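Report on the following structure.
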Amino acid sequence: MSEILDLVGIFVFALSGALMGVRKRLDVVGMGVLAEMTALGGGVVRDLILNVRPAAFQSLGYVLVPVVATAIVFFWHPHVARVMPAILVLDAAGLGLFCAVGTEKALEYGLSPLHAALLGVTTGIGGGMLRDVLAGEIPTLLYDRQLYAVPAMLGSGAMAGLWAHGLYGWPATLAAAVLAFGLRLAAMRRNWRAPLARGIGE
Amino acid sequence: MSEILDLVGIFVFALSGALMGVRKRLDVVGMGVLAEMTALGGGVVRDLILNVRPAAFQSLGYVLVPVVATAIVFFWHPHVARVMPAILVLDAAGLGLFCAVGTEKALEYGLSPLHAALLGVTTGIGGGMLRDVLAGEIPTLLYDRQLYAVPAMLGSGAMAGLWAHGLYGWPATLAAAVLAFGLRLAAMRRNWRAPLARGIGE
Amino acid sequence: MSEILDLVGIFVFALSGALMGVRKRLDVVGMGVLAEMTALGGGVVRDLILNVRPAAFQSLGYVLVPVVATAIVFFWHPHVARVMPAILVLDAAGLGLFCAVGTEKALEYGLSPLHAALLGVTTGIGGGMLRDVLAGEIPTLLYDRQLYAVPAMLGSGAMAGLWAHGLYGWPATLAAAVLAFGLRLAAMRRNWRAPLARGIGE
Chain Z
1 MSEILDLVGI
11 FVFALSGALM
21 GVRKRLDVVG
31 MGVLAEMTAL
41 GGGVVRDLIL
51 NVRPAAFQSL
61 GYVLVPVVAT
71 AIVFFWHPHV
81 ARVMPAILVL
91 DAAGLGLFCA
101 VGTEKALEYG
111 LSPLHAALLG
121 VTTGIGGGML
131 RDVLAGEIPT
141 LLYDRQLYAV
151 PAMLGSGAMA
161 GLWAHGLYGW
171 PATLAAAVLA
181 FGLRLAAMRR
191 NWRAPLARGI
201 GE
Chain E
1 MSEILDLVGI
11 FVFALSGALM
21 GVRKRLDVVG
31 MGVLAEMTAL
41 GGGVVRDLIL
51 NVRPAAFQSL
61 GYVLVPVVAT
71 AIVFFWHPHV
81 ARVMPAILVL
91 DAAGLGLFCA
101 VGTEKALEYG
111 LSPLHAALLG
121 VTTGIGGGML
131 RDVLAGEIPT
141 LLYDRQLYAV
151 PAMLGSGAMA
161 GLWAHGLYGW
171 PATLAAAVLA
181 FGLRLAAMRR
191 NWRAPLARGI
201 GE
Chain L
1 MSEILDLVGI
11 FVFALSGALM
21 GVRKRLDVVG
31 MGVLAEMTAL
41 GGGVVRDLIL
51 NVRPAAFQSL
61 GYVLVPVVAT
71 AIVFFWHPHV
81 ARVMPAILVL
91 DAAGLGLFCA
101 VGTEKALEYG
111 LSPLHAALLG
121 VTTGIGGGML
131 RDVLAGEIPT
141 LLYDRQLYAV
151 PAMLGSGAMA
161 GLWAHGLYGW
171 PATLAAAVLA
181 FGLRLAAMRR
191 NWRAPLARGI
201 GE
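Protein chains in written order, with full-length UniProt numbering: chain Z, 1 to 202; chain E, 1 to 202; chain L, 1 to 202.
The following block contains the structure:
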């Protein structure tokens, strides 16, 4: 079941990568490469840090799902102008799913709850950061003052906390993912902001 | 013999990195750092994913060849204006060699043909992407509408296909490398292009 | 004792990352993420190449020190205008410490002195390059014509040389770190420059 949540996360991150390709006027191949990297980047980094062979290089689904996502965006995306909001919502969904699944996998490999949550955040933000850096932009994570990393931390922290209390399995993972996703959406809608250091001004 | 092809790939990628340094007006040290990273980046990522210690940190040649390439560019490059075409041709040669050698190494470590080809593409495009991102540019791979990733995929796929039919050794590796190199050159010369998604326009 | 030097390096790199966040007008969360990545990036790459689980995902101090550094910068940094010189000095200190500690760890894991020094340089420059790329800038390392990589190479080389002569322990590590730090500061103060290739002009 965790594999299914992981594949859903790969799918929505791949959509966000392919849409970023549309926004940057890349051709279908560039869209596909960006979709693969956005979708698989966070998980590959997670698995390298856990010192296991990355799942993306063992499973057929991990490689093919971004191809499908690219085809959908290529044939179906309605107007370029509507792309950016869709990228942000899909990115929020991928963030939530990858935080929860990444934290869970790290706990299974014996990391402490704190470090598992840190690796979950890394998994969640890795793909999107790679997408933005490759597209020549400062990562949304850093630039966007609407809270981005905080929902990731709370979702990963919730996953680690549930695990530490003996609650795990796909309902716990899904709950942590939905928590991070909902907080990120709320931060975007309600314009929640973290403070700036003194002397910068608004 | 595969080691020799690998070193040739390192040499041409290092030349492309050092020439990018010239184009960006970096000094000789910056040229050298960019040459090392362009030449060794793809292979290091490949070896990390295969979960073995990167060849670049075990072999003398891997470290010294980019130093030689940097010296050649430093003393010999004729005019800055002629640099960009040379970067593109050398990059195509490195792409072909790294795709073929990377796929071969992945097959030797037991990956399936599909995943070996994916890792070969990663090896081929990794160094050049790192070079472009560090130089503050969107990777050629994404931006250039003349086919870049498709030759890499076909070269890596050819290598995996030959292997699956019991054909391997340096002639097979070289053939796959030449295939990817030739396709990339033809794509540049004949301006072959992949389609854009609807609504972007030309 | 090496752990203490490593933590000092993490602290000063984290300060430089948080200050870069101030310069880019990031909020406190973005500052923290940039601080963590700057501080931990070089060491994570080092440990991935050594094929061991990264220290950052096993130790409490590695994760918390950047949080403390971010809080200090958030409450205390005096004026944005004074930020850039401080980034450069702290970056030089982190460079020296990470080169020395990274080379030492690589030697302990059995790399040859040459490759250990190369990995020390990688450790030293990795975090700062990540910081600059994420902040949307060409890495200082490449762009700044005042010597940057040369002090790193000499510091790492000194560490490897001392080790090869049976001299190790924290005084040797600290001496190598101070050598690289001092050379980098001198290069900035005295404007030491590496040559450009012909045809670029000054």
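Using N, Cα and C, we set each Cβ at its ideal position, and we do this for glycine too.
It should be emphasised that the depicted structure is a prediction, and the values quoted were computed from it without experimental measurement.
- Under the three-state reduction of DSSP, R46 of chain L is assigned to helix.
- Note on geometry: alpha-carbon atoms of V44 of chain Z and W192 of chain L lie some 41 angstroms from one another.
- Not a single C-beta of chain L is nearer than 8 angstroms to the C-beta of R145 of chain E.
- In terms of Cα proximity to L97 of chain E, the closest of E:A197, E:R190, E:L183 is E:L183.
- Distance from the CA of A14 of chain Z to the CA of E36 of chain L, rounded to the nearest whole angstrom, comes to 26 angstroms.
- Its chain contains A106 as the residues whose beta carbon lies nearer than 8 angstroms to that of H115 of chain Z, once the 5 sequence neighbours on both sides are disregarded; these appear in chain order.
- For F11 of chain E, same chain residues with a beta-carbon under 6 angstroms away, outside a window of 5 residues either side, are V65, A69 in chain order.
- Contacts with chain Z at 8 angstroms (Cβ-Cβ) include F74 of chain L.
- Cβ-Cβ distances below 6 angstroms link D91 of chain L to S16, G128 in the same chain, with the five nearest sequence neighbours on each side left out; the list follows chain order.
- Within 8 angstroms of the CB of P139 of chain L, the CB atoms of chain E belong to L134, in sequence order along the chain.
- The beta carbon of D27 of chain Z sits closer than 8 angstroms to some beta carbon of chain E.
- A distance below 7 angstroms between beta-carbons, with the five flanking residues on each side excluded, links G155 of chain L to the following residues of its chain, in chain order: G96, C99, A100, A176, A177, L179, A180.
- Around the beta carbon of F57 of chain E, 16 or more other beta carbons lie within 10 angstroms, which makes this residue buried.
- The DSSP-derived three-state label of R193 of chain E is strand.
- Among the residues facing chain E, V150 of chain L is included, as its CB has a counterpart in that chain under 8 angstroms away.
- Between S2 of chain Z and W170 of chain Z, the CB-CB gap stays under 8 angstroms.
- H165 of chain E and L118 of chain E have their alpha carbons spaced roughly 18 angstroms apart.
- Note on geometry: alpha-carbon atoms of M20 of chain E and Y143 of chain L lie some 12 angstroms from one another.
- Between A18 of chain E and V73 of chain E, the C-beta gap is smaller than 8 angstroms, which places the two residues in contact.
- If you check each beta-carbon in the segment 174 to 195 of chain Z against every beta-carbon of chain L, the ones closer than 7 angstroms belong to R193, A194, P195.
- Taking a Cβ-Cβ threshold of 7 angstroms, none of the residues of chain L is close to P85 of chain E; the smallest such distance is about 16 angstroms.
- Contact of L118 of chain L with chain E is assigned, a C-beta pair being separated by under 8 angstroms.
- In the DSSP assignment, I125 of chain Z falls within the unbroken alpha helix (DSSP H) covering 113 to 134.
- Per DSSP, reduced to three states, the secondary structure at D27 of chain L is strand.
- Judged by beta-carbon spacing, A160 of chain Z lies beyond the 8 angstroms limit of I125 of chain Z, meaning their Cβ atoms are not closer than that value.
- Between the alpha carbons of R23 of chain L and R198 of chain Z lies a distance of about 12 angstroms.
- Nearest C-alpha to L196 of chain Z among Z:P151, Z:W163, Z:W76, Z:L147: Z:L147.
- If you draw a straight line from the Cα of V33 of chain Z to the Cα of V121 of chain E, it is about 10 angstroms long.
- In this structure, Z:G102 is the residue among Z:G30, Z:G102, Z:T140 with its C-alpha nearest to the C-alpha of W163 of chain Z.
- Note on I138 of chain E: 16 or more other CB atoms within 10 angstroms of its CB, so buried under the neighbour-count rule.
- Using beta-carbon distances, L114 of chain E counts as an interface residue toward chain Z, with a partner under 8 angstroms.
- Between A186 of chain E and R145 of chain E, the CB-CB gap reaches or exceeds 8 angstroms.
- The beta-carbon of G30 of chain Z is placed less than 8 angstroms from the nearest beta-carbon of chain E.
- For the pair Y109 of chain L and L50 of chain L, the CB atoms are nearer than the 8 angstroms cut-off.
- Each residue's CA atom was taken as its position, placing V63 of chain E and V29 of chain E some 15 angstroms apart.
- I10 of chain E is outside the set of residues whose beta carbon lies under 8 angstroms from a beta carbon in chain Z.
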